[in-house]
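Participant:
Number of protein chains: 4
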Amino acid sequence: MAGAASRRSRDLTPDLLEYHGEHVAKVKLEALERLADRPLAKYVVVSAVTPTPLGEGKTTVTVGLGQAFQHLGRTATVAIRQPSMGPTLGIKGGAAGGGYSQVVPMELFNMHLTGDFHAVTEAHNLLAAIVDNHLFQGNALGLDIHPLAWRRVLDVNDRALRNVVIGLGGAEDGVPRQSGFDITAASEVMAVLSLATSVADLRARLARIVVGYTKGREPVTAEQLHAAGAMAAILAEAVKPNLLQTLEHTPVLVHMGPFGNIGTGNSSVLAAENPEDVLAGSSNLRKQIENVRIHGVTPVVAVNVFPSDHPSEWQAIEEVARQAGARVARCRPASEGGNGVVELAEAVAEAAEEPGEFRFAYAEDATLREKIETIATRVYGAAGVDYSPLAARQLEDYERDGFGRLAVCIAKTHLSLSSDPSLKGAPTGWRMPVREVRASAGAGYVYPICGEMQTMPGLGRHPATFDVDLLDDGTIVGLS
Amino acid sequence: MAGAASRRSRDLTPDLLEYHGEHVAKVKLEALERLADRPLAKYVVVSAVTPTPLGEGKTTVTVGLGQAFQHLGRTATVAIRQPSMGPTLGIKGGAAGGGYSQVVPMELFNMHLTGDFHAVTEAHNLLAAIVDNHLFQGNALGLDIHPLAWRRVLDVNDRALRNVVIGLGGAEDGVPRQSGFDITAASEVMAVLSLATSVADLRARLARIVVGYTKGREPVTAEQLHAAGAMAAILAEAVKPNLLQTLEHTPVLVHMGPFGNIGTGNSSVLAAENPEDVLAGSSNLRKQIENVRIHGVTPVVAVNVFPSDHPSEWQAIEEVARQAGARVARCRPASEGGNGVVELAEAVAEAAEEPGEFRFAYAEDATLREKIETIATRVYGAAGVDYSPLAARQLEDYERDGFGRLAVCIAKTHLSLSSDPSLKGAPTGWRMPVREVRASAGAGYVYPICGEMQTMPGLGRHPATFDVDLLDDGTIVGLS
Amino acid sequence: MAGAASRRSRDLTPDLLEYHGEHVAKVKLEALERLADRPLAKYVVVSAVTPTPLGEGKTTVTVGLGQAFQHLGRTATVAIRQPSMGPTLGIKGGAAGGGYSQVVPMELFNMHLTGDFHAVTEAHNLLAAIVDNHLFQGNALGLDIHPLAWRRVLDVNDRALRNVVIGLGGAEDGVPRQSGFDITAASEVMAVLSLATSVADLRARLARIVVGYTKGREPVTAEQLHAAGAMAAILAEAVKPNLLQTLEHTPVLVHMGPFGNIGTGNSSVLAAENPEDVLAGSSNLRKQIENVRIHGVTPVVAVNVFPSDHPSEWQAIEEVARQAGARVARCRPASEGGNGVVELAEAVAEAAEEPGEFRFAYAEDATLREKIETIATRVYGAAGVDYSPLAARQLEDYERDGFGRLAVCIAKTHLSLSSDPSLKGAPTGWRMPVREVRASAGAGYVYPICGEMQTMPGLGRHPATFDVDLLDDGTIVGLS
Amino acid sequence: MAGAASRRSRDLTPDLLEYHGEHVAKVKLEALERLADRPLAKYVVVSAVTPTPLGEGKTTVTVGLGQAFQHLGRTATVAIRQPSMGPTLGIKGGAAGGGYSQVVPMELFNMHLTGDFHAVTEAHNLLAAIVDNHLFQGNALGLDIHPLAWRRVLDVNDRALRNVVIGLGGAEDGVPRQSGFDITAASEVMAVLSLATSVADLRARLARIVVGYTKGREPVTAEQLHAAGAMAAILAEAVKPNLLQTLEHTPVLVHMGPFGNIGTGNSSVLAAENPEDVLAGSSNLRKQIENVRIHGVTPVVAVNVFPSDHPSEWQAIEEVARQAGARVARCRPASEGGNGVVELAEAVAEAAEEPGEFRFAYAEDATLREKIETIATRVYGAAGVDYSPLAARQLEDYERDGFGRLAVCIAKTHLSLSSDPSLKGAPTGWRMPVREVRASAGAGYVYPICGEMQTMPGLGRHPATFDVDLLDDGTIVGLS
C-alpha cells in the first residue's frame with residue numbers, strides 16, 4: 247500500500263496517455279524514458295497495525311494523505327494496488343477508500359479496470375495449458391509430475407478449486423494429475439509484472455519462471471516450453487500503469503496487485519481499536535514501529551479518527567507512539583478528505599527530510615533458512631521456525647538449484663504479527679510453522695507459506711456479491 | 247459470421263463512443279435509443295461450405311465485402327465475432343481476416359480487445375464459485391450434486407480441464423465432486439450477452455440461468471443463488487459493442503463470440519477446393535444452397551479466388567451454383583481488398599432486394615426431439631438420430647421442466663455436414679448420435695452435443711502460441 | 247447353474263480329499279487322472295425364465311433334482327457355483343437352496359467356503375498392484391495409461407468403488423489415473439479358474455491375460471509383467487473343487503462363480519408367476535424353449551410349485567410348454583426334498599437319452615460383430631445392435647490384435663431377455679446398446695457390456711447384511 | 247513376535263481341532279473353557295535390536311527356541327503372527343523361519359493359511375461399503391464427510407491405493423470423496439480380532455468401532471450402521487487360532503497379524519551386525535535392554551550366530567550385554583535346529599524364574615499427549631514431540647470424546663529407535679513428529695502415526711513376487 251509524493255504526475259501530458267473510457271487512462275511506457283531526467287520523489291509507504299478482519303482504512307488514509315499534500319502546496323501522486331475481484335466480490339466490498347478520500351470511478355476501479363488482472367490470468371493459465379499439453383504430447387523434457395508446481399489461477403474466491411484432480415476423461419483428455427488453483431493475485435506472473443522495469447525485463451523474467459523439474463531434478467522454465475513469448479504478448483497492455491484520480495483530483499496510479507506485501511516497512515500506522523484491545527494494540531504498535539526502524543526508515547504514526555472512537559483511545563495510542571520516539575498525528579480522511587489529513591501530511595513531510603536508507607532485515611548472502619529465521623525472529627517475534635518435511639526438502643532443492651540468493655517474502659496471515667491469526671498484540675514464544683516453500687524464480691523471490699494461510703480464498707455464508715446488482719439504467723449498486 | 251450493410255454506422259457520433267486506446271471504441275447503449283428511428287439495414291450472413299481444418303476465409307470475404315460496398319457508393323458496417331484467445335493461441339493464429347481485407351489493429355482485435363470475454367469468464371466462474379459455496383455452506387436449497395450442470399470456463403485451449411474432480415483437500419476446502427471446464431466461448435453467459443436486447447433483458451436472462459436441480463427435480467436458478475445481480479454488474483461494460491475498422495476504414499462492430507453459429511442460414515458460400523475434392527465439394531455446396539433456401543433466404547455463392555487455384559475449379563463451382571439456381575461471383579479480398587469484391591457485392595445487393603422471409607426449419611411448437619430430428623434429417627441429411635441414455639433422460643426432464651418450447655441449436659463438428667468429421671460432401675444414411683443435451687435456459691435454447699465434439703479444445707504438438715512473441719519495443723509478432 | 251448326473255462321486259475316496267473343517271473337503275487334482283477311465287455322465291443344465299428380482303429358485307430345483315435321482319436309484323452329483331459374498335450380504339441373503347432342498351452347512355457355503363473367491367481377489371489385485379508399480383517404476387514397457395483395462399476387484403457390493411481416481415498423494419504414492427473396482431465374480435481370474443483344465447493350463451491362461459496396451463498398440467500380458475507365476479501360486483488351493491452335500495446327502499461340487507452364465511443353453515425352466523404376468527411369462531417361456539433348441543439341446547420345463555400359487559397358473563404354463571413340444575413336470579423341492587422332484591427327474595432322464603449335440607448359435611469363424619449380432623437377434627430377439635464409439639473402437643482393436651476368434655459372452659441384465667430390465671416377456675423391435683467391450687484373453691472370450699448393467703453392484707437401503715449376526719455361542723443368524 | 251512356553255498344547259486333543267487340509271488345524275473356541283483349569287505357562291517375548299532392512303531372524307530364533315525347550319524336556323508352544331501376503335509377495339519372501347528352524351508347511355503358512363486375513367479384509371470392507379452406502383442413501387445420521395476415518399484395506403502392497411477419490415461416475419455411483427486403502431494388517435478389525443477374548447467380546451468390540459463423526463461431532467459406530475453383526479459373522483471362523491508345527495514337531499499357534507507390535511517388551515535380543523556397525527549396535531542394544539527393564543521384565547540377549555560372522559563381533563555383543571547386567575547366549579537355529587538353541591533356552595528358563603511384573607511405561611490415567619510423550623522420551627530417547635495441526639486437533643477431539651483413557655501404541659518405522667529410519671544406534675536429541683493420530687475405539691487404543699511411515703506399503707523394482715511360480719505338478723517355488 248504505497249502513496250508516492252512526486253513531482254512527476256503533472257508531466258504526464260496527454261500524448262503519453264491512452265484513454266480507456268472517459269475516466270481512466272493507461273500511461274505509455276515511453277513516459278519512463280521521456281521523464282527520466284526529472285528529480286526523484288520521496289516514497290511514503292502506508293501500512294497498519296494488525297487489522298480487524300474488515301480492514302482498517304489503509305487505502306482511505308493513503309488517498310487522504312495524497313490529497314492533503316495538495317493543501318500544503320506540494321504535488322503528490324497516489325500509487326495503490328488494483329483490487330482483486332475475488333475478495334471485492336467476496337468479503338471486502340470495494341477497495342477504493344471511503345467518504346471524501348476515494349478513488350473514482352469506484353465501479354471501474356473495483357472491477358476489471360483495464361483488464362490487467364485478466365491478462366495475468368490468461369498468461370498464467372496459458373502456461374499451465376502448455377505444461378499439461380507437454381505431458382500429453384509425450385513429455386519430451388521428462389517433466390516429473392510430482393513437484394509440478396505450476397498451478398492455475400482465477401480471480402474468484404473459490405475454495406472448491408484449491409485441490410483438484412485434472413486430466414480425467416479418456417485418451418484425448420490429458421494426463422491425470424493433482425493440481426489446484428490460486429487467486430490471480432497470488433500468480434507469479436502478477437509478481438513478475440509488478441517487478442518488471444521494461445518490456446525486455448518482463449520478457450526475460452517470464453522466461454525464467456520455473457514450472458517444475460525433470461526426473462533428473464533440472465528446473466524446467468517457461469522459455470523451454472516456448473511459452474514466454476506468448477505470455478509477454480498477452481501482457482503487452484497490462485504492463486502499462488493505469489491513471490485515475492481521487493475525489494479531489496489527485497492523480498492515482500493503479501498497477502497490479504501482488505498477493506501480500508513485499509517488504510515489511512511501515513511509515514505510518516493506523517489504529518481503531520476497541521477499549522479492551524488497547525493493551526494488545528499497544529504492544530503491536532510498539533513492535534510495528536520497531537520493525538520500521540529495522541529497515542532503516544523513519545516511522546510516523548497516524549491515528550485514523552472515527553466519530554465513534556473514544557478520545558481516551560487516541561491519547562493512549564499517541565502516548566505509545568511518543569514513548570517509542572515516533573511522530574504521531576490524527577487524521578480524518580473519510581469525513582474531511584485531504585483537509586482532514588493536513589496535520590499528518592506535515593508530519594510525513596518532516597520525517598521524509600530525515601536521513602535514512604532502506605536496508606534488508608537479513609544479510610543478502612544468508613541462506614534461505616537464515617533469511618526465513620531472521621525475519622521470523624527479528625521482525626515477527628517468533629522463538630524459532632519449524633519446517634515440514636516438504637518445506638525442508640524444497641529449501642534444500644532451491645539452494646542446490648541456485649535459488650539460494652533470492653529474496654525471501656513470508657506468506658502468512660495478516661491478522662497477526664505471528665502466523666496464528668488468533669494471537670493478538672506482539673506475541674512472543676511462538677514457533678513459525680513453514681508448511682511449504684515456493685520459488686518464484688521469474689519474480690526473483692522465494693516465499694515460505696506459514697501456518698494455515700490460503701492462496702485461494704473461499705466465500706462466506708453471505709458474500710458481498712449477494713448485494714451487488716446492475717440497475718436497468720446501467721448503474722452498479724452494492725460496491726461500497 | 248455476419249456482415250451487416252447498414253446506414254447506421256455514420257450516425258455513431260463521438261458522444262456515443264467511449265475510446266479504449268487510440269484505435270478501439272465502445273458504443274454506449276444509449277445509441278440504441280438515439281438511433282431507433284433510422285431505417286433498418288439489410289442483414290447479409292456470410293457462411294461457408296464445409297471447411298478445411300485451417301478455416302476457409304469467411305472473415306476475409308466478410309471484410310472484403312464490407313469494403314466493396316463502399317466502392318459501390320453504399321454504406322456498410324461489418325459485424326463479426328470477437329476471436330476466442332484459446333483457438334487464436336492454439337491452432338488458428340489471428341482471426342482478423344487477411345491481406346487487404348483485415349480488421350485493425352490486429353493485435354488488439356485478437357487478444358483481450360476491451361476485455362468482454364474476460365468479463366464473461368469472470369461472471370461465469372463467480373456463479374460456479376457461488377454454486378460450490380452453496381454446497382459447502384450446508385446446501386440449503388438441496389441441490390443435487392449429480393445433474394449439477396454449471397461447469398467453469400477459461401479462454402484457453404486446455405484439454406486437461408475437460409474433466410476434473412474439485413473440492414478435494416480438507417474440511418475447509420469444499421465439497422468433492424466431478425465437474426469440468428469449457429472454453430469461454432461455450433459459456434451460456436456468452437450466449438446470454440449475445441442475445442440480450444437491453445441491460446434489463448441481460449439481467450433477466452442471467453437470472454433465469456439454471457445451474458442444476460434439487461433432489462426433488464426442481465430447477466435452481468442463478469437468481470435463487472443471489473448471483474445474477476453481481477454477474478450483471480460484472481458484465482456492465484461487456485454489454486456495449488466494440489467499434490473498430492477495416493484497412494479501408496469500413497466500420498467494424500465486434501461483439502461477443504458464441505460457440506458455434508446459432509441458426510444455420512447461409513447467404514453466401516465460399517470454396518477453395520483441391521481438384522480431387524471437387525465432387526465432394528459439389529454435393530456439399532448443393533446441400534448448403536438448399537439449406538439456405540429451407541430458411542427462406544436467397545443464397546449467393548462467392549468463389550474466394552487464390553492465385554494458386556486452377557481456373558477449372560472455379561468454373562466447376564460456378565456451374566454447380568448456377569444449376570442450383572444461385573447467383574455466383576468470384577472475389578479476391580486478400581489480394582485486392584474491397585476492389586476485388588465489387589462483383590460479389592453487386593450480386594449480394596441484387597439478392598437482398600428479392601422478397602424473402604426467414605423461417606425456422608422446424609415448427610416452433612414441436613417437441614425438442616422433433617426439432618432435433620428435423621434439423622438432423624432435413625438440414626444435415628441424417629437418416630435418424632440416436633440418443634444416449636443420458637440424453638434421452640435429459641430431454642424428458644427438459645420437457646417436464648417447461649423447456650420444451652426453447653429453440654434447438656445443434657452442437658457438432660463444423661468439419662462435416664454430418665456429426666462425423668471424416669464424412670465429406672453431403673453424406674446421407676448416417677445416424678446422428680446425441681450424447682448429451684444441455685439447456686441454456688437463460689440464453690433461451692437447448693443444445694444437443696453430437697458425436698465426439700468437444701466444448702473445450704486442446705493444444706496441438708506445435709501450437710500457434712509457440713510463434714507469438716513480444717519484442718523489446720512492444721511489438722507483438724506471430725499473430726498472422 | 248448346473249446339475250450333473252454322474253457315477254463318479256462315489257469314486258472320490260478319502261485319500262482324494264482334503265478336509266476343511268468337519269463338513270467340507272477339497273478334491274485333490276490327482277482325482278482327474280485317477281478317475282479318467284470312468285464313463286462320462288450326462289450333464290443337465292438348470293436355467294430359468296426371466297426371473298423376479300428376488301430370484302426364482304434355480305438352486306432349490308437343482309438340489310432337489312440331484313436328490314430326486316437317488317430316489318430313482320441313480321447316482322447324481324450336484325454342481326453349483328459358489329455364492330458371491332457381495333450379493334449374499336447385499337440383496338440376496340443365502341444361496342444354498344431352500345427348505346428340504348439345501349446345501350449344508352449353509353453358513354460355510356455362503357461365506358468364505360474354503361477361500362477360493364478370496365484367492366481370486368488376491369491374485370487379481372496383485373496383478374493390479376504390479377501394473378501400477380510398473381508405471382511407478384518408470385514404465386519400461388511403455389504401457390498406455392488410457393486403455394489400461396485391468397481394474398481391481400472386491401467381493402463386496404460397493405458402488406462407491408465403481409469409478410475411482412488412484413495414485414494420488416505425493417511423489418512416493420504412484421501414478422494418478424482413473425480406474426475402478428468390479429465385484430470378484432466379474433474378475434477374469436475367476437473365469438480363467440473356471441475354465442482351466444489343469445495346473446499347467448491355469449498357469450498358461452493367467453500368462454495370456456492382457457492388462458493393457460503399449461502406446462504402439464501392442465497388448466501387454468501378465469507374463470510380461472512377471473505376474474502370472476505368483477498369481478498361479480496364489481491360486482494353488484483354489485484350483486481344487488470343493489465337495490459338500492445336500493440335506494439328503496447327495497454330493498455337491500462347488501467351484502468358482504463366474505459373473506453371468508457362459509453359454510445360454512436351458513434344459514429346464516421354472517415359473518412362479520403372478521396371474522397378471524401369465525401372458526408375458528408365456529412368450530418368455532416359448533422363447534427360452536426355442537433358445538435351448540437353437541443350441542441343439544433337448545428342453546424340459548419344470549414348474550416349481552409353491553403352496554400359494556394358483557393351479558390355473560401351473561396349467562397355463564404346462565399348456566405353453568406342451569404347445570412348444572417340450573416335456574413338462576411339476577416339482578416341490580423346498581417342501582418335499584428329492585421326493586417332490588421325482589417326476590421331473592424322470593422327465594429329465596428321458597430327455598437325456600434323446601440324441602442331441604451342443605452347437606454355438608453363431609459360426610465360429612464369424613467376426614466379433616457378427617457373433618454379437620447373431621446372439622442379439624437370434625437368441626434375445628433384438629432388431630439390431632448399436633455400438634458406442636468406444637465399443638466400436640474396441641472391437642476394431644480386438645480383431646486387429648488377433649482376438650477376433652474368441653467366443654462372445656454377452657453381459658447384460660438377467661431381468662429381461664432384452665438389455666432393458668423393464669421389458670418383460672419376449673420383447674422384439676428393441677436395439678441392443680453395446681457401451682463397452684472387454685476382452686478376457688486369458689479366459690478366452692470377449693464380453694460386450696450392454697445397457698446400464700453394472701460389474702460392481704451397490705447396496706440397497708436395507709441390505710441383507712443388516713439382519714446377519716453372530717450369537718455369543720458362535721451361531722450365525724440372518725442368512726436364509 | 248511371541249514364543250509361549252506352555253504345558254497346554256498337549257491337551258489340544260483331536261476333538262478340539264478342525265482340520266484344514268492335512269497339515270493345518272483350527273482350534274475350537276471351546277478349548278478355552280475345557281482347558282481353563284490348567285496351570286498358566288510362562289510367556290517369553292522375542293524381539294530384536296533395530297534390524298537391517300531384510301529382517302534379522304526373529305522368527306527363526308523363536309522357532310528354534312521353541313524346539314530347544316523340547317531338548318530340555320520341557321513343553322513349549324510357539325505362537326507367531328500370520329504373515330501378511332502383501333509384504334510376503336513384496337519385499338520379504340516367506341516368513342516361516344529358516345533352515346532347521348521353520349514352520350511347515352511353509353506354502354500354506356505364507357499364503358492364505360485358513361483365510362483369516364481374507365475374512366478381516368472382507369469384514370473391514372463391508373463396513374466401508376455400508377458407510378458409503380449410508381452417505382448415498384441420504385446420510386440419515388448426518389456423517390461428516392471430512393473426518394470420515396474408515397478407509398478400506400487389501401492384503402497387497404499397493405501404493406497406488408494410498409490416496410484415492412471414490413464415488414465418481416454418475417448419480418447411481420455413490421458420493422464423491424477422498425479416501426484410501428491400508429494393508430489388511432493395519433485394519434482395526436485385525437487388532438480387534440487379536441484382542442478379543444470371546445465371541446461376545448469380538449462382537450462388542452466390533453460394535454464400538456468408530457467410523458467417523460456427525461457434523462455435531464458425535465462419534466458414529468459400526469453398531470449404529472447395523473454392520474457389527476455381519477462383520478462378526480464374517481469373522482466366525484477367523485476367531486479360531488490355527489495350529490501348525492515346526493520341523494521338529496513343536497506345536498505352533500498362528501493367529502492374526504496386527505501391524506506393528508503392540509507393547510514394547512523385549513526378553514531376548516538378536517544381533518548380526520557388520521563390524522563397522524558394532525558401535526551403533528552397542529548403544530542400540532544397551533537401550534533395548536533398558537527398555538525391557540522399564541516394563542518390569544527380565545531380558546536375555548541372544549546372539550544369532552551365522553557362519554560368516556566374526557567371533558570378535560559375538561564377543562563385543564556379549565560384553566555389552568553383560569555390562570548391562572543381562573544374561574546372554576549364542577544360538578544357531580537355522581543350521582542346527584532346536585539343538586543349536588539349547589544354551590539360550592536354559593538362559594531363558596532361568597530368567598523366567600526371576601520375579602518380575604509387567605507394567606506400562608506410562609501412568610494409565612495420563613492424558614494421550616502425556617502417554618505419547620512418555621513413550622517418545624523414555625523408551626525411544628526423543629527430546630520431545632511435535633504435533634501437526636491435524637494431530638493436535640485429533641488428540642483434543644479424542645480426549646473430549648472419552649477416548650483419553652485408551653492405551654497408546656506408537657506407529658513408526660521399525661528401522662530405528664527414532665522415527666527417522668536413517669538414525670542408527672540409540673539416537674538422542676531428535677524430536678518425534680506426529681503427523682496424524684487414529685483412534686481404534688473398538689480395539690481399545692489410539693495410535694499416533696510418526697514420521698513418514700506408511701500404512702500401505704509399495705512394491706519395489708523387483709518385488710519378491712517376480713520369483714514366485716507354480717509348477718505343473720502343483721509345487722510352489724520362490725517363497726523364502
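Residue numbers (the numbering used here), protein chains in the order written: chain H, 247 to 726; chain P, 247 to 726; chain C, 247 to 726; chain X, 247 to 726. Cβ coordinates follow ideal geometry from the N, Cα and C atoms, glycine included.
Using a beta-carbon distance cut-off of less than 8 angstroms, what residues from the stretch 305-336 of chain C approach chain X?
Facilitator: Residues passing the 8 angstroms Cβ filter: Met331, Leu335.
Participant: Going by CA-CA distance only, name the one from Glu418/C, Ala375/C, Leu499/C, Pro553/C that's closest to Leu471/C.
Facilitator: The residue with the shortest Cα to Cα distance from Leu471/C is Ala375/C.
Participant: Can you tell which of Val625/H, Asp718/H, Leu359/H has the C-alpha that lies nearest to the C-alpha of Ala672/H?
Facilitator: For the residues Val625/H, Asp718/H, Leu359/H, the minimum Cα distance to Ala672/H belongs to Val625/H.
Participant: Taking C-beta to C-beta, are Pro694/P and Ala638/P nearer than 8 angstroms?
Facilitator: Cβ distance not < 8 angstroms, so Pro694/P and Ala638/P don't count as in contact.
Participant: Just checking my contact of Gly648/C with Gln313/C at CB under 8 angstroms: how many whole Å lie between their CB atoms?
Facilitator: Not a contact, Cβ separation roughly 46 angstroms.
Participant: My guess is that Thr367/C and Ala341/C are in contact by the Cβ rule of under 8 angstroms, so how many angstroms apart are they, rounded?
Facilitator: In fact, because the Cβ distance is near 18 angstroms, the residues do not count as touching under 8 angstroms.
Participant: On the premise that Glu596/C lies in contact with Ala542/C, defined as a C-beta separation below 8 angstroms, what is that separation, rounded to the nearest angstrom?
Facilitator: The question names Ala, yet the displayed sequence has Gly at residue 542/C. About 18 angstroms; that fails the 8 angstroms criterion.
Participant: According to the neighbour-count rule (16 or more other Cβ atoms, all chains shown, within 10 Å of its Cβ), is Phe355/H buried or exposed?
Facilitator: Under this definition Phe355/H is a buried residue.
Participant: Within 10 angstroms of the Cβ of Arg568/H, are there 16 or more other Cβ atoms? Answer buried if so, exposed if not.
Facilitator: With fewer than 16 Cβ atoms within 10 Å of its Cβ, Arg568/H is classed as exposed.
Participant: Can you list the beta strand (DSSP E) stretches of 3 or more residues lying completely in the stretch 546-612 of chain H, in chain order?
Facilitator: Fully enclosed beta strand (DSSP E) runs of 3 or longer: 546-550, 573-577.
Participant: Do you know how far the Cα of Glu698/X is from the Cα of Gln424/X?
Facilitator: So the two alpha carbons sit approximately 20 angstroms from each other.
Participant: In chain H, which residues lie less than 8 angstroms from Glu619/X when you measure between Cβ atoms?
Facilitator: Per Cβ cutoff of 8 angstroms: no residues; Glu619/X is ~17 angstroms from chain H at best.
Participant: Taking the Cβ atom as the reference point for each residue, do Ala479/X and Asp715/C lie within a distance shorter than 8 angstroms?
Facilitator: Yes. Within cutoff.
Participant: Taking Cβ positions only, does Gly462/H come closer than 8 angstroms to chain C?
Facilitator: It does not; no Cβ of chain C falls within 8 angstroms.
Participant: Assign Gly720/X to one of three DSSP states: helix, strand, or coil.
Facilitator: Gly720/X: coil per DSSP, three-state reduction.
Participant: Is the CB of Leu727/C under 8 angstroms away from at least one CB in chain H?
Facilitator: Residue 727/C is absent from the structure shown; chain C starts at 247 and stops at 726.
Participant: Can you list, in chain order, the stretches of the beta strand (DSSP E) that have 3 or more residues and sit fully within the stretch 454-499 of chain C?
Facilitator: The stretch 454-499 of chain C contains these whole beta strand (DSSP E) runs: 456-459, 465-467, 488-492.
Participant: List the endpoints of the continuous alpha helix (DSSP H) containing Asp643/X.
Facilitator: Unbroken alpha helix (DSSP H) run through Asp643/X: 635-646.
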